[in-house]
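Numbering follows numbering that gives the first Met the number 0, in which position 319 of the sequence shown is assigned residue number 318; successive positions increment by one, without gaps.
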Amino acid sequence: MAKKTTKKKTVSKKPAKTSSKKSTGTRGLVAKTARKAAPRKPAAARRPKGAAWQWSAVETAAAIRSGAISAVETVEAHLERMRAVNPRLNAVVVDLSEEALAAAHAADKLRAKGGQLGLLHGVPITIKENVDYEGRPNFNGVPANKDLVAPSDSPVVRNLKKAGAIVIGLTNTPEFSFRGFTDNPLHGLTLNPWDPTITCGGSSGGAGSAVAAGIGTIAHGNDIGGSLRWPAHCNGVATIKPTQGRIPAFNGSATSERPMLAHLMSAQGPLARHVGDVRLALEVMSQRDPRDPWWVPAPLVGPKPKGPIKVALAKIPEDMDVDPQVAAALRQAADHLERSGYRVSEVEVPDINGVWQTWCDIITNETVVMQEASMLKVTSEDFHQAWGGMKTKANVFDLSAWMRATAARNGHIRAWQLFLDEYPVVLAPTTVKPTPGPREDTVSPERVREIFWGEIRFISAINVLGLPGAVVPVALHDGKPIGVQLIAGRYREDLALDAAAAIEKRADILAHRLWETMG
0 MAKKTTKKKT VSKKPAKTSS KKSTGTRGLV AKTARKAAPR KPAAARRPKG AAWQWSAVET
60 AAAIRSGAIS AVETVEAHLE RMRAVNPRLN AVVVDLSEEA LAAAHAADKL RAKGGQLGLL
120 HGVPITIKEN VDYEGRPNFN GVPANKDLVA PSDSPVVRNL KKAGAIVIGL TNTPEFSFRG
180 FTDNPLHGLT LNPWDPTITC GGSSGGAGSA VAAGIGTIAH GNDIGGSLRW PAHCNGVATI
240 KPTQGRIPAF NGSATSERPM LAHLMSAQGP LARHVGDVRL ALEVMSQRDP RDPWWVPAPL
300 VGPKPKGPIK VALAKIPEDM DVDPQVAAAL RQAADHLERS GYRVSEVEVP DINGVWQTWC
360 DIITNETVVM QEASMLKVTS EDFHQAWGGM KTKANVFDLS AWMRATAARN GHIRAWQLFL
420 DEYPVVLAPT TVKPTPGPRE DTVSPERVRE IFWGEIRFIS AINVLGLPGA VVPVALHDGK
480 PIGVQLIAGR YREDLALDAA AAIEKRADIL AHRLWETMG
């Protein structure tokens with residue numbers, strides 16, 4: 000027995016000393032397990048294709064976070080792009096290169112230390128020069144505002160900086176941001192990068208021109224009558240005018256509070272070349288700020304409607320003369336949505352004419368009472384001409400008429416909310432005509448009325464409803480971009496952006512074609 004035991008022990012040791020490939024002993028299993036448990040080497044950080052200024056905000060943030068590129072290199076690329084193209088565009092009117100590079104160096108140090116990084120860590124952006132930027136005058140296109148120095152950053156600027164975004168410049172806006180064309184006596188005219196003979200839009204025209212040209216990945220803007228969506232259309236980029244209360248707003252430099260309806264109809268928002276960047280920027284911008292009493296803590300994503308999602312292709316009123324290329328772009332957008340699983344039907348939306356008239360009456364009368372006299376004292380003849388044209392279709396109100404108009408607004412909102420229960424997304428035009436010239440609102444009061452009432456009626460009307468509206472480019476006509484508008488229910492920016500993304504996926508990013516012509 001002793002011998003057998005010894006022999007067994009000897010035999011049992013042999014496999015441990017043998018290097019046979021067929022062995023499946025304990026050592027092989029342990030080694031295999033160890034190989035699985037061993038930490039993998041991190042994948043090499045990969046840079047997106049193309050120059051850094053051409054990347055999306057999503058790509059840029061990921062590349063900086065992974066170490067594929069530094070914040071300094073990223074900012075330097077955008078500053079170089081700004082120096083190359085901005086002199087002929089005049090989109091960025093305040094160069095913040097020095098402080099942007101300082102912020103980029105700080106961003107790289109924070110990453111090296113393993114600090115917590117925001118969603119836009121190191122990502123270059125621009126800010127429209129009509130919100131407070133700490134330590135700088137809030138000119139809003141008016142030389143007389145030189146003493147309105149911002150005591151602190153506005154909520155939207157603060158939220159972007161908290162997320163790690165780096166501001167490389169401030170963009171141009173018309174006087175008091177009250178025109179759909181971007182020109183003023185302080186900084187001059189901003190040009191459209193696609194074609195200098197058409198407008199870049201307004202009032203966020205500098206923002207739209209800059210981001211389309213590759214200056215910054217995201218451009219901040221705002222909208223009370225189309226000032227995000229109109230420039231997005233003109234410059235071939237995407238945007239979202241959020242629901243009122245989604246993004247907080249406040250300017251500490253202001254000499255008085257904004258009147259009620261102006262506040263309820265205006266919204267801050269982003270412009271970008273990619274819908275995904277608009278969505279990311281919206282998330283960052285919409286963080287709470289206690290200085291805005293109207294801010295609403297609504298979720299960014301709501302319940303998905305039962306599929307297929309019904310889209311209402313808005314019937315255009317008979318008195319609007321639709322250009323064939325605009326009609327073709329709308330049909331193309333509808334086709335893109337159909338192919339993406341949406342069900343599109345051409346239907347009449349609730350009283351678009353009455354909604355626009357309510358917007359025009361409210362904003363005009365409120366401005367006349369609260370701001371007109373002080374504005375006219377410090378503005379140019381071009382402003383007087385444009386503002387005079389805007390007033391031509393407004394009804395003059397006494398107090399009782401004003402109260403009836405604000406009550407009528409509630410009825411319009413209710414009708415649209417009921418409509419959006421059946422059709423969660425509305426596909427509508429931005430304008431029904433080709434993009435006009437860069438100073439066309441100074442031609443005559445009649446021409447201004449024609450633009451706002453006869454051409455961009457579907458843009459301005461949505462402000463009085465407080466509903467979210469996205470714009471996404473669809474096509475080029477004679478080398479000029481055409482965009483469409485997607486409207487959704489209150490706080491359902493996600494539905495508007497989902498539809499915009501579906502169109503973008505098939506239409507592609509138009510700015511890429513622009514860069515080929517710009518060089």
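Don't be surprised by glycine CBs; every beta carbon is placed ideally from N, CA and C.
Note that the structure is a prediction, hence the values are computed from the model and not measured.
Leaving out five residues on either side along the sequence, give the residues of the same chain with a beta carbon under 7 Å from the beta carbon of Gly-117.
-> Annotation for Gly-117: Lys-161, Ala-162 and Gly-163 place their beta carbon closer than 7 Å to its own, counting only its chain and skipping 5 residues before and after.
Cβ-Cβ separation, Phe-451 to Glu-174 (assumed contact under 8 Å), whole Å | Actually they do not touch by this definition, with Cβ atoms about 17 Å apart.
Does the region 140-147 come close enough to the region 105-116 that 3 or more CB-CB pairs lie under 8 Å? no
- [ ] On the DSSP bridge assignment, give the partners of Ala-469 in chain order.
- [x] Ile-239 and Leu-485
- For the beta strand (DSSP E) that Gly-204 lies in, which residues bound it at each end? Unbroken run through Gly-204 is the alpha helix (DSSP H), 204-212; no beta strand (DSSP E).
Just to confirm before moving on: does the CB-CB distance between His-219 and Ala-206 stay below 8 Å? yes
* What's the C-alpha gap between Ala-499 and Ser-153? -> 28 Å
Self-check item: Helix, strand or coil at Asn-462 [DSSP, three-state]
Solution: Shown here, Asn-462 sits in a helix according to DSSP, grouped into three states.
- Let me know the secondary structure DSSP gives Thr-405 once reduced to three states. In the three-state DSSP reduction, Thr-405 falls in the helix class (H, G or I).
- Message: So Met-264 and Asn-85 are supposed to be a Cβ contact under 8 Å. How far apart are they, rounded?
- Response: That belief does not hold up - the Cβ atoms of Met-264 and Asn-85 are roughly 31 Å apart, past 8 Å.
**Asked** Within 10 angstroms of its Cβ, does Met-284 collect 16 or more other Cβ (buried), or is it exposed?
**Response** buried
If you follow the beta strand (DSSP E) that Ser-344 is part of, which residue opens it and which one closes it? 342-346
### Query
So is Gly-114 buried or exposed if we call it buried at 16+ other beta carbons inside 10 Å?
Under this definition Gly-114 is an exposed residue.
Which residues does DSSP pair with His-476 in a beta bridge? His-476 pairs with Lys-479.
Report yes or no: do the region 424-443 and the region 355-368 share at least 3 C-beta pairs separated by less than 8 Å? no
Just the Cα atoms here: how many angstroms apart are Asn-144 and Thr-378? 11 Å
Exercise. With a 10 Å radius around its C-beta and 16 neighbouring C-beta atoms as the bar for buried, classify Thr-23 as buried or exposed.
Key: Note that Thr-23 has pLDDT 38, beneath the 50 cutoff, so the model's placement of it is unreliable and the number below is only indicative. Result: exposed.
Hey, Ile-455 and Thr-434 are a contact pair by Cβ (cut 8 Å); roughly how many whole angstroms apart?
Contact between Ile-455 and Thr-434 does not hold, since their C-beta atoms are separated by about 10 Å, which reaches or exceeds 8 Å.
Exercise for the section: Consult DSSP for Lys-35 and reduce its assignment to one of helix, strand or coil. Expected result: Its pLDDT being 41, under 50, Lys-35 is placed unreliably by the model, and nothing is read from it.
Under the three-state DSSP convention, the category Thr-125 falls into | strand
What did DSSP end up calling Asn-158 once you bin it into helix, strand or coil?
Residue state, collapsed to three classes: helix.
Does Lys-163 come out as helix, strand or coil in the three-state DSSP assignment? It is Gly, not Lys, that sits at residue 163 in the sequence shown. In the structure shown, Gly-163 sits in coil (DSSP, three-state: anything other than H, G, I, E or B).
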